[in-house]
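S.K.:
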Amino acid sequence: MSSSVDDRPDLLRVGDVCLSRSRLLALATAVADDLRGLDRVAVVTTPTIETVVGVVGALLAGTAVVPVPPDAGPREREHILRDSAVGALLAPAGTAPQDAPAADGLPVVPVDLRRVSATTHPEPGPERTALILYTSGTTGAPKGALLSRGAIATCLDGLAEAWAWTPDDLLVHGLPLFHVHGLVLGVLGPLRVGGRLHHVGRPQPERYAAAGGTLYFGVPTIWSRIAAAPASARALRGARLLVSGSAALPTTVFDDLTGLTGHRVVERYGMTETLITVSARADGPRRPGAAGVPLPGVRTRIVDEQGRDLPTDGTAMGELLVTGPTLFDGYLNRPDADAASRTADGWFRTGDVATVGPDGWHRIVGRASTDLIKSGGYRIGAGEVEEALLAHPAVREAAVVGLPHPDLGQQVTAYVVGDGVTGPELVDFVARHLSVHKRPREVRLVDALPRNALGKVQKKRLVEG
Ligand code: MLC
Ligand code: AMP
Numbered sequence: 343m344s345s346s347v348d349d350r351p352d353l354l355r356v357g358d359v360c361l362s363r364s365r366l367l368a369l370a371t372a373v374a375d376d377l378r379g380l381d382r383v384a385v386v387t388t389p390t391i392e393t394v395v396g397v398v399g400a401l402l403a404g405t406a407v408v409p410v411p412p413d414a415g416p417r418e419r420e421h422i423l424r425d426s427a428v429g430a431l432l433a434p435a436g437t438a439p440q441d442a443p444a445a446d447g448l449p450v451v452p453v454d455l456r457r458v459s460a461t462t463h464p465e466p467g468p469e470r471t472a473l474i475l476y477t478s479g480t481t482g483a484p485k486g487a488l489l490s491r492g493a494i495a496t497c498l499d500g501l502a503e504a505w506a507w508t509p510d511d512l513l514v515h516g517l518p519l520f521h522v523h524g525l526v527l528g529v530l531g532p533l534r535v536g537g538r539l540h541h542v543g544r545p546q547p548e549r550y551a552a553a554g555g556t557l558y559f560g561v562p563t564i565w566s567r568i569a570a571a572p573a574s575a576r577a578l579r580g581a582r583l584l585v586s587g588s589a590a591l592p593t594t595v596f597d598d599l600t601g602l603t604g605h606r607v608v609e610r611y612g613m614t615e616t617l618i619t620v621s622a623r624a625d626g627p628r629r630p631g632a633a634g635v636p637l638p639g640v641r642t643r644i645v646d647e648q649g650r651d652l653p654t655d656g657t658a659m660g661e662l663l664v665t666g667p668t669l670f671d672g673y674l675n676r677p678d679a680d681a682a683s684r685t686a687d688g689w690f691r692t693g694d695v696a697t698v699g700p701d702g703w704h705r706i707v708g709r710a711s712t713d714l715i716k717s718g719g720y721r722i723g724a725g726e727v728e729e730a731l732l733a734h735p736a737v738r739e740a741a742v743v744g745l746p747h748p749d750l751g752q753q754v755t756a757y758v759v760g761d762g763v764t765g766p767e768l769v770d771f772v773a774r775h776l777s778v779h780k781r782p783r784e785v786r787l788v789d790a791l792p793r794n795a796l797g798k799v800q801k802k803r804l805v806e807g
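In this text, residue positions in the sequence shown follow this note's numbering: the first is 343, and each later residue adds one.
1) Report the three-state DSSP secondary structure of residue 549 (helix, strand or coil).
2) Could you tell me the alpha carbon to alpha carbon distance between residue 612 and residue 669, rounded to whole angstroms?
3) Between which two residues does the beta strand (DSSP E) carrying residue 372 extend?
4) Could you check if residue 362 belongs to the surroundings of the ligand AMP, using beta carbon to heavy atom distance under 6 Å?
5) Less than 7 Å separating the beta-carbons of residue 404 and residue 373?
6) Based on DSSP bridge pairs, tell me the residues matched to residue 784.
7) In three-state DSSP terms, what is residue 421?
8) Please state whether DSSP places residue 693 in a helix, a strand or coil.
9) How do the region 651–667 and the region 698–711 stand: do at least 3 beta-carbon pairs fall below 8 Å, yes or no?
10) Would you call residue 778 buried or exposed, if buried means 16 or more other Cβ atoms sit within 10 Å of its Cβ?
11) Residues in the same chain with beta-carbon distance under 7 Å from residue 708, minus the five sequence neighbours each way, listed in chain order, please.
12) Rounded to the nearest angstrom, what separates residue 452 and residue 370 at their Cα positions?
13) Taking the C-alpha atoms as reference points, what is the distance between residue 687 and residue 460?
14) Check residue 727 in the structure and name its three-state DSSP category.
15) So what does DSSP say about residue 343, is it helix, strand or coil?
16) Would you decide whether residue 349 is buried or exposed? Buried here means 16 or more other CB atoms lie within 10 Å of its CB.
17) Below 6 Å, is the gap between the Cβ of residue 524 and the nearest heavy atom of the ligand AMP?
18) Applying the 10 Å Cβ sphere with the 16-neighbour rule, what's the burial state of residue 345?
19) Around the C-beta of residue 436, are 16 or more other C-beta atoms found within 10 angstroms, so that it is buried, or is it exposed?
20) Determine the direct distance from the alpha carbon of residue 536 to that of residue 343, and round the result to whole angstroms.
21) Based on Cα-Cα distance, which residue from 685, 673, 354 lies nearest to residue 646?
22) For a test of the three-state rule: what should DSSP assign to residue 770, helix, strand or coil?
23) In the structure shown, what three-state DSSP assignment does residue 482 receive?
24) Under the DSSP definition of a beta bridge, which residues are partnered with residue 722?
25) Measure from the alpha carbon of residue 819 to the alpha carbon of each residue in 727, 746, 521, then state which is nearest.
26) Leaving out five residues before and five after residue 585 in sequence, what residues of the same chain have Cβ atoms less than 6 Å from its Cβ?
27) Considering only heavy atoms of the ligand AMP, does any lie closer than 6 Å to the CB of residue 606?
28) Could you give the first and the last residue of the continuous alpha helix (DSSP H) run that contains residue 392?
29) From what residue to what residue does the beta strand (DSSP E) around residue 620 run?
30) Taking the alpha helix (DSSP H) that residue 531 falls in, what are its first and last residues?
31) Can you give me the Cβ contacts of residue 545 inside the same chain, cut-off strictly under 6 Å, excluding the 5 residues immediately before and after it?
32) When DSSP labels each residue in this structure, what does residue 527 get in the three-state scheme?
33) Beta-carbon within less than 6 Å of residue 622's beta-carbon, same chain only, minus the 5 sequence neighbours each way: which residues are those?
34) For residue 511, does the three-state DSSP call read helix, strand or coil?
35) Inspect the beta-carbon positions of residue 569 and residue 598 and report whether they are closer than 7 Å.
36) Taking only heavy atoms of the ligand MLC into account, decide whether any of them is closer than 6 Å to the Cβ of residue 494.
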């Protein structure tokens with residue numbers, strides 16, 4: 343990278359705060375000095391420059407980062423902090439204890455934008471854990487997925503190649519910083535490539551429009567809102583690449599965006615546990631309703647319920663299995679879940695149902711389980727929301743499903759048997775105990791849940807109405 347590129351004062355912009363690369367390095371090194379020797383640290387991931395400095399500081403020190411959603415309620419936060427056994431919490435300097443709600447008695451390491459250091463920290467090996475990302479399963483509390491530095495670097499290099507992502511790019515997005523999309527692709531991506539980043543805080547269409555980026559990231563809900571705001575959409579005509587991921591992009595949104603922006607959106611597919619595995623390419627075709635071809639080093643298969651390979655003829659549908667250098671190293675403290683997530687020969691079971699064409703193009707057609715919901719691009723486990731509802735004294739039974747929703751893809755919907763409690767009370771109850779995005783958008787109070795002869799709730803009947 344040329345020094346003129348290095349010196350750009352706005353290499354990194356989060357909200358209204360800008361940093362150059364050298365300033366980021368100096369600030370992050372001061373954080374790394376404080377963290378040296380610490381195995382894991384939690385970061386409350388508000389969309390601020392302090393979060394980025396804190397994460398980069400931990401990576402320099404070789405300390406694994408455990409992102410905590412900024413709106414996580416006590417139930418979710420306590421689980422993440424206890425399960426990950428972090429040794430400290432990174433918080434912006436000057437945060438009063440009562441304003442660092444995730445501290446919970448942990449030592450707080452300040453991220454101070456006035457403190458710099460020039461210490462040289464030895465580069466940790468590629469096998470070291472960089473991030474522990476908490477992600478929902480079908481039941482129980484979220485599991486911590488261990489992501490190595492090597493997996494992240496390989497994924498980002500593959501994406502840079504596929505999307506022709508260079509130091510000349512200005513990436514714009516407003517994604518949350520506690521998941522793969524916003525944090526790995528959206529923050530570590532531009533830092534690895536050497537390109538600029540502008541995080542706009544909230545992903546509102548007018549903010550995307552005003553940012554003048556070359557490369558834009560969004561989940562389908564964001565793209566659908568942009569397509570519904572034609573003036574903002576037209577402002578993206580000057581961009582180089584629009585990229586969608588984290589859930590299926592509806593073909594209507596793809597077509598509307600093509601008309602308004604002149605761009606055929608690049609779709610890509612991934613998971614917390616595998617990072618990004620399949621994508622359309624900058625120099626190749628983009629197909630509505632299809633996620634693309636495997637990224638460098640990634641291999642995929644589709645299998646039937648007995649685990650037998652299915653033909654890649656574009657019509658046979660089966661569970662997608664993936665393997666390759668971008669896979670995670672397992673779930674923290676969960677050997678049972680680890681074993682269940684892989685085949686005997688080491689392929690990761692995505693739980694997604696897909697077709698693969700003779701040309702290698704993948705279509706993700708749905709999920710094998712109704713208990714994993716994708717709403718606004720967030721993965722939400724039905725079991726975790728049900729447990730939160732059942733913790734309410736007036737709730738006797740609860741079943742949570744994802745119903746089709748025009749804006750969110752799926753809407754978290756709870757069927758509840760309760761005693762004198764209202765739907766809005768229960769929505770607020772869940773929003774207070776878990777992250778706000780896990781709250782049901784609708785609660786249907788019913789006299790009984792449909793059950794089969796063995797007493798198991800028949801969720802398919804709830805989904806089909
Ligand atoms: C409403 N609100 C409440 C509330 N009702 N708050 C508390 N209690 C209640 N009962 C408030 C919220 O606080 C918030 O306020 C506002 O309502 C909006 O809430 P929301 O649910 O966040 O907004 P929504 O419009 O639904 O969000 C849409 C969205 C969001 C697209 C912006 O879903 C989003 O950011 N999605 C990205 C998910 C993502 O990054 N996934 C990647 C996973 S990685 P306020 O004031 O804050 O607005 C992955 C791998 C891969 O999947 O392939 O990428
Ligand atoms: P998460 O663990 O939050 O990373 O969510 C991963 C899940 O998001 C996958 O298992 C898919 O169900 C879904 N997903 C991600 N990208 C796409 C895509 N392009 N099309 C369809 N589903 C997607």
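Cβ coordinates follow ideal geometry from the N, Cα and C atoms, glycine included.
Every value quoted in this text rests on a predicted model; they were computed, and no experiment measured them.
M.R.: Concretely, from the data shown:
1) Against the sequence shown, residue 549 aligns to sequence position 207. Of the three classes helix, strand and coil, the one that applies to residue 549 here is helix, per DSSP.
2) Residue numbering aside, residue 612 sits at position 270 when the sequence shown is read from its first letter. Residue numbering aside, residue 669 sits at position 327 when the sequence shown is read from its first letter. For residue 612 and residue 669, the distance between alpha carbons rounds to 10 Å.
3) For this step, residue 372 is matched to residue 30 along the sequence shown. That residue, residue 372, is in no beta strand (DSSP E); its alpha helix (DSSP H) goes 363–377.
4) For the purposes of this step, residue 362 is identified with residue 20 of the sequence shown, where counting begins at 1. Not under cutoff, so the answer is no.
5) If you number the sequence shown from 1, residue 404 lands on position 62. If you number the sequence shown from 1, residue 373 lands on position 31. Taking 7 Å as the Cβ cut-off, residue 404 and residue 373 do not qualify as a contacting pair.
6) Within the sequence shown, residue 784 is the residue found at index 442, counting from 1. In DSSP, residue 784 forms a bridge with 755.
7) The residue given as residue 421 occupies position 79 in the sequence shown. The answer is helix: DSSP assigns residue 421 an H, G or I state.
8) Counting from one through the sequence shown, the residue named residue 693 turns up at place 351. In the structure shown, residue 693 sits in a strand (DSSP, three-state: E or B).
9) Because the criterion of three Cβ pairs below 8 Å is met, the region 651–667 and the region 698–711 touch.
10) The residue you call residue 778 lines up with position 436 of the sequence shown. Residue 778 should be labelled exposed.
11) In the sequence shown, counting from the first residue as 1, residue 708 sits at position 366. Excluding its 5 nearest sequence neighbours in each direction, residue 708 has C-beta neighbours in its own chain below 7 Å: 695, listed in chain order.
12) Walking along the sequence shown from the start, residue 452 turns up at place 110. Walking along the sequence shown from the start, residue 370 turns up at place 28. Roughly 11 Å separates the two Cα atoms.
13) The count along the sequence shown starts at 1 and reaches residue 687 at position 345. The count along the sequence shown starts at 1 and reaches residue 460 at position 118. Here the C-alpha atom of residue 687 lies approximately 46 Å from the C-alpha atom of residue 460.
14) For the purposes of this step, residue 727 is taken as the residue at position 385 of the sequence shown. In the structure shown, residue 727 sits in a helix (DSSP, three-state: H, G or I).
15) Taking the sequence shown and counting its residues from 1, one reaches residue 343 at position 1. The predicted position of residue 343 is uncertain, since its pLDDT is 45 and thus under 50; no value can be drawn from it.
16) Here the question's residue 349 lines up with position 7 in the sequence shown. Exposed is the call here.
17) Here residue 524 refers to the residue found at position 182 of the sequence shown. The closest heavy atom of the ligand AMP lies 6 Å or more from the beta carbon of residue 524.
18) Here residue 345 refers to the residue found at position 3 of the sequence shown. Annotation note: pLDDT 47 at residue 345 (below 50); position unreliable, coordinate value reported separately. Under the 10 Å beta carbon count, residue 345 is surrounded by fewer than 16 other beta carbons and is classified as exposed.
19) In the sequence shown, counting from the first residue as 1, residue 436 sits at position 94. Exposed is the call here.
20) For the purposes of this step, residue 343 is taken as residue 1 along the sequence shown, with counting starting at 1. For the purposes of this step, residue 536 is taken as residue 194 along the sequence shown, with counting starting at 1. The predicted position of residue 343 is uncertain, since its pLDDT is 45 and thus under 50; no value can be drawn from it.
21) Here residue 646 corresponds to residue number 304 of the sequence shown, with the count starting at 1. When the alpha-carbon of residue 646 is set against those of 685, 673, 354, the nearest one is in 685.
22) Residue mapping note: residue 770 aligns to position 428 of the sequence shown, counting from 1. Reduced to three states, the DSSP call for residue 770 is helix.
23) Translated into positions along the sequence shown, residue 482 becomes position 140. Three-state DSSP puts residue 482 in coil, outside helix and strand.
24) Along the sequence shown, one-based indexing puts residue 722 at 380. DSSP, once it has assigned bridges, lists 715 as partnering residue 722.
25) No information on residue 819 is available, as it lies outside the stretch 343 to 807 that the chain covers here.
26) Here residue 585 is taken as the residue at index 243 of the sequence shown, counted from 1. Counting only Cβ-Cβ distances below 6 Å, and skipping sequence neighbours, we find 559, 608.
27) As a working note, residue 606 is residue 264 in the sequence shown. Distances from the CB of residue 606 to the heavy atoms of the ligand AMP are all 6 Å or more.
28) Within the sequence shown, residue 392 is the residue found at index 50, counting from 1. Going by DSSP, residue 392 is part of the alpha helix (DSSP H) stretching over 391–403.
29) What you label residue 620 is simply residue 278 of the sequence shown in a count that begins at 1. Per DSSP, residue 620 belongs to the beta strand (DSSP E) from 617–621.
30) Here residue 531 refers to the residue found at position 189 of the sequence shown. Note, residue 531: alpha helix (DSSP H), 531–535.
31) Reading the sequence shown from its first residue, position 203 is the one you call residue 545. Around residue 545: 516, 564.
32) Position 185 of the sequence shown, counted from the first residue, corresponds to residue 527. Three-state DSSP puts residue 527 in a helix.
33) Walking along the sequence shown from the start, residue 622 turns up at place 280. So the qualifying residues of the chain are 608, 609, 628, 634.
34) Stepping through the sequence shown from its first residue, residue 511 is reached at position 169. Three-state DSSP puts residue 511 in coil, outside helix and strand.
35) Position 227 of the sequence shown holds residue 569. Position 256 of the sequence shown holds residue 598. In contact: residue 569 and residue 598 (Cβ atoms closer than 7 Å).
36) Position 152 of the sequence shown, counted from the start, is the residue given in the question as residue 494. For the ligand MLC, not one heavy atom lies less than 6 Å from the Cβ of residue 494.
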